[in-house]
Amino acid sequence: MRLLNLTLLPKSLLFFTILSSIFLLPKNSLATPSLFINWKALTLSSDSYSGKNLPTPGSQVELGIFALDGNQLTNLKTADVFWYQNENLIKKGSGLSHITLTLDESGTPTTIRVKVKKDDTIIEGLTIINPVSSNLYIEVKKTISKSSVFFARPLFFNVNNLENLSFEWEAGGKKVVGPSSLTLSVPPEIDSILLKSTVKNKTRKVEQVSETISLKNG
């Protein structure tokens, strides 16, 4: 067994692809395929968000593998594939190149290891999935009048569609429940006012996020 390369953990919001790291070579073999693991979170974000969705505690995650021998894809249809989550075998099968799993509710990092056995060659790959927190940002668009339109933009919620989210707005002691956007202007007699937006997951009460911004006249 020899270590060929380290796990790559990019910090960008792009779809993660992790290079496998451990290979067991058969005798007289000059090369062995390289195993890659990729994954994406099945979380929901606002349409205005152009990045890749990240997982949060309890999220479902789709994972897939592929192998390259030089520049050629290796056929894994007849290979025995073993999937491990935190070193516990969770799934195995012939040609099992894609699975879906659920992350722990604790929010701790999840280690995924995959072992592929094809003929006399065993290839292993490892990646670590780090959950983030659901998030929210407020987008502001000016109108022709002195008012502005505010949009609540949720990020990384464990829902299938926006209908499973509730939106609340609060400003100047008044609360509005329902819309994901709000039109508001600061009265001329007030220098500034705080606007608070809250997004809640209707199906998962522990998942809610609030964001507050300060609005000023002028």
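Our numbering applies: residue 1213 is where the sequence shown begins, and numbers increase by one. Glycine included, every Cβ here is placed at the ideal spot set by N, Cα and C. What you are looking at is a predicted structure, and each value in this text was computed from that prediction instead of being measured.
Proximity below 8 Å, CB of K1329 to CB of D1281: Result no, Cβ atoms of K1329 and D1281 do not sit closer than 8 Å.
Taking its Cβ as the centre, do 16 or more other Cβ atoms sit within 10 Å of I1340, making it buried, or is it exposed? Taking all protein chains in view, the Cβ of I1340 is surrounded by fewer than 16 other Cβ atoms within 10 Å, so the residue is classified as exposed.
Quick check: S1309 and G1337, are their CB atoms within less than 8 Å of each other? For S1309 and G1337, no; Cβs fall outside 8 Å.
Look at the alpha carbon of R1416 and the alpha carbon of I1335, and state the distance between them as a whole number of angstroms. Whole-angstrom Cα-Cα distance: 39 Å.
Return yes when at least one heavy atom of the ligand FAD lies under 7 Å from the C-beta of K1289, else no. In terms of ligand content, the structure shown is empty, and the ligand FAD therefore cannot be addressed.
Where in the stretch 1289-1319 do unbroken runs of the beta strand (DSSP E), each at least 3 residues long, occur, reported from the N-terminal end onward? Given a length threshold of 3 residues, each whole run of the beta strand (DSSP E) inside the stretch 1289-1319 is given here in chain order: 1292-1297, 1300-1306 and 1310-1314.
Pick out whichever of L1407, A1383 and G1305 has its Cα sitting closest to the Cα of Y1349. Checking every option, the nearest Cα to that of Y1349 belongs to L1407.
Residues of its chain near S1409, where Cβ-Cβ distance is below 6 Å and the 5 sequence neighbours each way are ignored: Here the set comprises I1350, A1364, W1381 and E1423.
Strictly by DSSP, which residues pair up with D1281? Note: D1281 sits in a beta bridge opposite Q1284.
Looking at the secondary structure, which residues open and close the beta strand (DSSP E) in which Y1349 lies? Where Y1349 is concerned, the enclosing beta strand (DSSP E) stretches over N1347 to K1354.
Exposed or buried, T1255, counting other C-beta atoms within 10 Å across all chains shown (16 or more means buried)? T1255 should be labelled buried.
As assigned by DSSP and simplified to three states, the class of E1336: Three-state DSSP puts E1336 in a strand.
Span separating the alpha-carbon of L1236 from that of T1333: Only weak support exists for where L1236 lies, its pLDDT of 41 falling under 50; the coordinates are left without a value.
Going by beta-carbon coordinates alone, are L1247 and V1361 separated by less than 8 Å? In this structure, L1247 lies away from V1361, with their beta-carbon atoms at least 8 Å apart.
Cβ shell of K1353 (< 6 Å), same chain only, five flanking positions each side left out: So the list reads V1361, once near-sequence residues are dropped.
Give me, in chain order, the residues of the same chain whose beta-carbon lies closer than 6 Å to that of V1389; leave out the 5 immediate sequence neighbours on both sides. Once the five neighbours on either side are set aside, the close Cβ partners of V1389 are E1380.
Close beta carbons around I1302, own chain, < 6 Å, minus the five adjacent residues each side: Cβ contact annotation for I1302 (same chain, cutoff 6 Å, sequence separation greater than five): W1295, in chain order.
Residue from K1289, G1307, S1345 and N1300 with nearest C-alpha to G1319: S1345 is the residue among K1289, G1307, S1345 and N1300 whose C-alpha sits nearest the C-alpha of G1319.
Taking the DSSP output, what are the residues bridged to G1276? G1276 pairs with N1250 and H1310.
Using CA atoms only, rank isn't needed, just tell me which of P1267, S1262 and L1396 is closest to I1356. It is L1396 whose Cα lies nearest to the Cα of I1356.
Buried or exposed for L1220, going by 16 or more other Cβ atoms inside 10 Å? Per-residue confidence for L1220 stands at a pLDDT of 37, beneath the threshold of 50, marking its modelled position as unreliable; the derived number appears in the next sentence. With fewer than 16 other CB atoms across the displayed protein chains lying within 10 angstroms of its CB, L1220 is exposed.
In angstroms with no decimal places, state the Cα-to-Cα distance between I1311 and V1398. Computed Cα separation, rounded: 51 Å.
The beta strand (DSSP E) that contains V1328, what's its start and end? Run containing V1328: T1322 to K1330, per the beta strand (DSSP E) assignment.
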